[in-house]
Each structure stands twice: as C-alpha cells, then as structure tokens.
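Contents: one structure, followed by commentary.
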Amino acid sequence: MLDFENLDPQVGAFVEEYIDSFISWDLILFFHENPYTVGSPSSIAMSIGRLGSDIEPYLERLADKGVLAREYRGQGGSETIYAYKPEPDFEKMVIEFKRALKDRASRLIIVSKVLQKEAGR
Amino acid sequence: MDMSEGAGRTENSERVPTGISGLDEMLGGGLLSNSVAVVKGAPGTGKSCIGMEYISKGIRDYGEPGLIITFEEFPRQLYRDALSIGFDLRDFERQDLLRTIFTTPAVFLREIQQPGGIFDRTIEEISVKRVFVDSMTQLERITQDPVELREIMYTFLNGLLRYNITAVVTQEDAYITGNMSVAEAGLSYIVDTIIQLRYVEISSSVDRAIFVLKHRASDHDKRIRRMSITSSGVKVEAAFEGREGILTGNPYVSRRVRRAEEFFK
Chain A
1 MLDFENLDPQ VGAFVEEYID SFISWDLILF FHENPYTVGS PSSIAMSIGR LGSDIEPYLE
61 RLADKGVLAR EYRGQGGSET IYAYKPEPDF EKMVIEFKRA LKDRASRLII VSKVLQKEAG
121 R
Chain B
1 MDMSEGAGRT ENSERVPTGI SGLDEMLGGG LLSNSVAVVK GAPGTGKSCI GMEYISKGIR
61 DYGEPGLIIT FEEFPRQLYR DALSIGFDLR DFERQDLLRT IFTTPAVFLR EIQQPGGIFD
121 RTIEEISVKR VFVDSMTQLE RITQDPVELR EIMYTFLNGL LRYNITAVVT QEDAYITGNM
181 SVAEAGLSYI VDTIIQLRYV EISSSVDRAI FVLKHRASDH DKRIRRMSIT SSGVKVEAAF
241 EGREGILTGN PYVSRRVRRA EEFFK
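Going down the list, the protein sequences come from chains A and B. Counting in our numbering, the first sequence runs from 1 upward without gaps. Counting in our numbering, the second sequence runs from 1 upward without gaps.
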C-alpha cells in the first residue's frame, strides 16, 4: 500500500526531487504560504519552529535548485538571506503536493518516502 | 533637529485618503502625502485592520499599489484576517498590486539601508505608493537601548520615505484600558499623524474608540469616536455623546445627561 508507485506520478516526481527531509517539506510549504518572506536562516527557523543551524543546508539546497534566491549581506557577505523565487510550474506542483497531503493514503506514502530518505542519509 | 523632517520627504499638503469610512473625515481628507502615520492601541483594538484596509482601499479604489511588511503575524494569517473584513490580499498579490513581506526587524532594517536591496526592488517592481508596517513595536527586538532604538526608528521611517510613499505603521500599547503612553522610543515625535485606538467599557460591554491625537500642521476632528470592525471593513461612527472619561476606559454619563435623565424621571 505504501508503494511510491501508488502516488500521483507528478507528486511522486516532486517529492523525489525536492522533499528530501521533513525540514525541506516544512520550508517549501512555509514559503508557499508566506511567499514574500525574506529572512536569515535563524529567522526562518524561528518561523517554522526549527533550529537555524539545522535548516541552513536545506535552504542552500533549495537555493541551488532555484526555488529560493539568496543574497549576501554583512561584512564580506558573511550573512545570507533567502527569499522565495519559484517558477510558476513549481508553485503548481506545491499545490498538487498539498492536495496529496490531504489524502491519507497519499500522505502515508509521502511520509514513508521521506523517512526512507532521512534514514539513508 | 526636528526628526520629522527627513531627507527624502517631499513638502506638500496633498492628502492620501485612507478610504476608511469616517476616518478620512476625522483627518480632514486623509493622511499627508509622503508621511508616516502611527496607529496605536492595545492588542485586538483594530490596528492591523486599519492598516490592511488602508492598503486594500488604496489598491482597489485609488489604483495605488501597496506593500505590507509584517514582523510578527504570518502573511497567511493576514490574508485570512483581511478576508474576514472583505479584502482579498492574495488576489491583489496575484495581480502584482501588493507584496506582503514577512521578515525580522533586523533583516528589514538592513534591507532598507542596502542600496538596491529587497525593499528598493519591491518598491520599484510594483510601483508601491502605500506601505503598512506591522508593527514598529517589534523593532525593540533589535535593541533595548532607548537612544539607539530611536535612531533605528528614525532610520527605518526615513528609509520608507525615500520614495514617494505614504506609510501607516502600528505600535502596541501595553495597557488594555486606563494608562496611556504617547511616545514609546520617541516614535510619536517622529511621525506626522497619531491615531489612537482604545477599549471603552460601557454598560458591561467593550466598545472600541478612535481619536486623532496628532495630525501635523492640519486641522482635524478632536472628538473621540466609536469604531467597529465589520465584514466589510472598519467603520468609524459617531462620537461618544453624553459620556466623559472615555480615555480612562471607564466612561461615566456626563452631569448634563444625568440631569436631563433625572428631569424626565
């Protein structure tokens, strides 16, 4: 039942590509719901109830994938701030992802997939 | 130096209507163009509703794009609250008429100071004319030193006024009723307009009161008026007639009214 193939293929591809942990899951939904957020790792972490040091690698990964924009501030660019800059197609996929989360069976498949990814790290 | 005379500010007496029923009448037509107004009040008095309506009416009725900067409430909460008073902020965002920036005071202060930073770019991207900041009280997170805090507020507000925009900011009062302070961190001296909201207890129920405490170089309504929040926005109604001591939060029937009541008994 928890087979990834039972998930909508588009959502499956989205999870495969972007949701590599519960933190990236939280971050993507947070930015989607609060799209003009601008923040440092610590301020964004506060908004999702996590630790700045824990979320920083995930912010970087999302920036590398083009979901977030990053800018450097402070002396020698020592501080990084992040803002949401998704392509319209990415936003559509987040909406599909949210829809899938409302369906219990799909949600379980996604949770199990993320747990698998976290265990494999 | 008069801190109200920031470098970026333009000199004019043009009015920017808030669009809020009754409030523009109190303000002699509206806020002063390219100025900052502070809306002060205890939690729940309606500060954010006034700010959201100012932005929404600006977009809808006056064709003026807006920017909301929120330090505490998540945009999704603002979207929900605005919908409950009849304004769809998300729809304005989809039309590129609004941005709701959620950030921290420290990050935003740095962005204001940064040439070509996110603030500058947002203003340019959608030609922002109205700004709403919720709330200035959060700037206290940057420092506890009152002198430094005043400088930060001054920098912050002048940063907003570099562009030809008119801003509404909120500041939280610590007291629900009774005690009232005017000048936390000197903000009241820096801004051009102060709109004060209060809770008023009358006959075992709580009403909202609104009055204009300061409106620089302008005549304005000095009366304390009743305010309500409805599904179609904020309504500023008639003055509290026949009551005295409204600002204490526990008004009493005035002697004149009491005599009249006794006369008719």
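Here a beta-carbon is modelled for each residue, glycine too, at the ideal position from N, C-alpha and C.
Cβ-Cβ separation, residue j to residue i (assumed contact under 8 Å), whole Å
{"i": "Phe132 of chain B", "j": "Gly51 of chain B", "result": "4 Å"}
{"i": "Ile110 of chain A", "j": "Leu7 of chain A", "result": "7 Å"}
{"i": "Gly46 of chain B", "j": "Ile229 of chain B", "result": "5 Å"}
{"i": "Gly66 of chain B", "j": "Val147 of chain B", "result": "That pair is no contact at about 32 Å."}
{"i": "Asn164 of chain B", "j": "Asn34 of chain B", "result": "6 Å"}
{"i": "Thr193 of chain B", "j": "Arg162 of chain B", "result": "Contact doesn't hold; Cβ gap of about 19 Å is too wide."}
{"i": "Leu62 of chain A", "j": "Ile48 of chain A", "result": "The pair is not a contact, with the Cβ atoms about 13 Å apart (cut-off 8 Å)."}
{"i": "Phe14 of chain A", "j": "Phe97 of chain A", "result": "6 Å"}
CA-to-CA distance, residue j to residue i, given in whole angstroms
{"i": "Thr104 of chain B", "j": "Ser135 of chain B", "result": "11 Å"}
{"i": "Thr143 of chain B", "j": "Lys40 of chain B", "result": "21 Å"}
{"i": "Tyr18 of chain A", "j": "Ser24 of chain A", "result": "7 Å"}
{"i": "Asp89 of chain A", "j": "Gln171 of chain B", "result": "39 Å"}
{"i": "Ala122 of chain A", "j": "Gln10 of chain A", "result": "Past the boundaries of the shown model lies residue 122 of chain A; chain A is included only from 1 to 121, so the question cannot be answered."}
{"i": "Glu11 of chain B", "j": "Lys222 of chain B", "result": "Bear in mind that a pLDDT of 49 at Glu11 of chain B, under 50, signals an unreliable position, so the number given afterwards is only what the model happens to contain. Rounded to the nearest angstrom, the two C-alpha atoms are 25 Å apart."}
{"i": "Arg60 of chain B", "j": "Arg50 of chain A", "result": "38 Å"}
{"i": "Leu59 of chain A", "j": "Glu125 of chain B", "result": "25 Å"}
{"i": "Gly12 of chain A", "j": "Met93 of chain A", "result": "10 Å"}
{"i": "Asp96 of chain B", "j": "Gly86 of chain B", "result": "19 Å"}
{"i": "Glu5 of chain A", "j": "Glu79 of chain A", "result": "41 Å"}
{"i": "Glu140 of chain B", "j": "Ser40 of chain A", "result": "18 Å"}
{"i": "Tyr72 of chain A", "j": "Gln116 of chain A", "result": "34 Å"}
{"i": "Met1 of chain B", "j": "Ala69 of chain A", "result": "Note that Met1 of chain B scores a pLDDT of 39, beneath 50, so its modelled location is shaky and nothing firm can be said."}
{"i": "Met227 of chain B", "j": "Leu187 of chain B", "result": "24 Å"}
{"i": "Gly77 of chain A", "j": "Ala106 of chain B", "result": "16 Å"}
{"i": "Asp54 of chain A", "j": "Pro115 of chain B", "result": "31 Å"}
{"i": "Ala260 of chain B", "j": "Ile210 of chain B", "result": "27 Å"}
{"i": "Ser4 of chain B", "j": "Thr155 of chain B", "result": "Because Ser4 of chain B sits at a pLDDT of 48, beneath the cut-off of 50, its placement in the model cannot be relied upon, and the following sentence gives the value as read from the coordinates. Near 11 Å, if we compare the C-alpha coordinates of Thr155 of chain B and Ser4 of chain B."}
{"i": "Phe108 of chain B", "j": "Gly29 of chain B", "result": "31 Å"}
{"i": "Ala239 of chain B", "j": "Lys214 of chain B", "result": "18 Å"}
{"i": "Ser218 of chain B", "j": "Glu244 of chain B", "result": "25 Å"}
The alpha helix (DSSP H) enclosing residue i, as first and last residue numbers
{"i": "Phe22 of chain A", "result": "Phe22 to Glu33"}
{"i": "Val147 of chain B", "result": "Pro146 to Leu161"}
{"i": "Met52 of chain B", "result": "Lys47 to Tyr62"}
{"i": "Thr122 of chain B", "result": "Ile118 to Ile126"}
{"i": "Glu241 of chain B", "result": "Premise fails: Glu241 of chain B is in no alpha helix (DSSP H) and is neither H nor E."}
{"i": "Val111 of chain A", "result": "Arg104 to Ala119"}
{"i": "Ala82 of chain B", "result": "Pro75 to Ser84"}
{"i": "Val39 of chain B", "result": "No alpha helix (DSSP H) holds Val39 of chain B; the beta strand (DSSP E) holding it covers Val36 to Gly41."}
Exposure of residue i, with buried meaning 16 or more beta-carbon neighbours within 10 Å
{"i": "Arg110 of chain B", "result": "buried"}
{"i": "Ile68 of chain B", "result": "buried"}
{"i": "Ala269 of chain B", "result": "This structure cannot speak to residue 269 of chain B, because chain B is shown only from 1 to 265."}
{"i": "Gln138 of chain B", "result": "buried"}
{"i": "Ile101 of chain B", "result": "buried"}
{"i": "Ala45 of chain A", "result": "buried"}
{"i": "Phe264 of chain B", "result": "exposed"}
{"i": "Tyr199 of chain B", "result": "buried"}
{"i": "Tyr79 of chain B", "result": "buried"}
{"i": "Ala167 of chain B", "result": "buried"}
{"i": "Pro251 of chain B", "result": "buried"}
{"i": "Ala174 of chain B", "result": "exposed"}
{"i": "Thr224 of chain B", "result": "For the record, residue 224 of chain B in the displayed sequence is Ile; it is not Thr. Ile224 of chain B is buried by the Cβ-count criterion."}
CB contact check: residue i to chain C, cutoff 8 Å
{"i": "Phe102 of chain B", "result": "Given the protein chain composition of this structure (A and B), no chain C is represented."}
Delimiting residues of the beta strand (DSSP E) encompassing residue i
{"i": "Thr100 of chain B", "result": "Leu98 to Phe102"}
{"i": "Ser205 of chain B", "result": "Ser205 to His215"}
{"i": "Glu172 of chain B", "result": "Thr166 to Glu172"}
{"i": "Ala83 of chain A", "result": "Glu79 to Tyr84"}
Tell me whether the stretch 101-109 of chain A and the stretch 78-89 of chain A touch, counting them as touching only if at least three CB pairs, one residue from each stretch, are closer than 8 Å. no
Report yes or no: do the stretch 53-67 of chain B and the stretch 78-95 of chain B share at least 3 C-beta pairs separated by less than 8 Å? yes
Just checking, does the stretch 17-32 of chain B make contact with the stretch 233-240 of chain B on the three C-beta pairs under 8 Å criterion? yes
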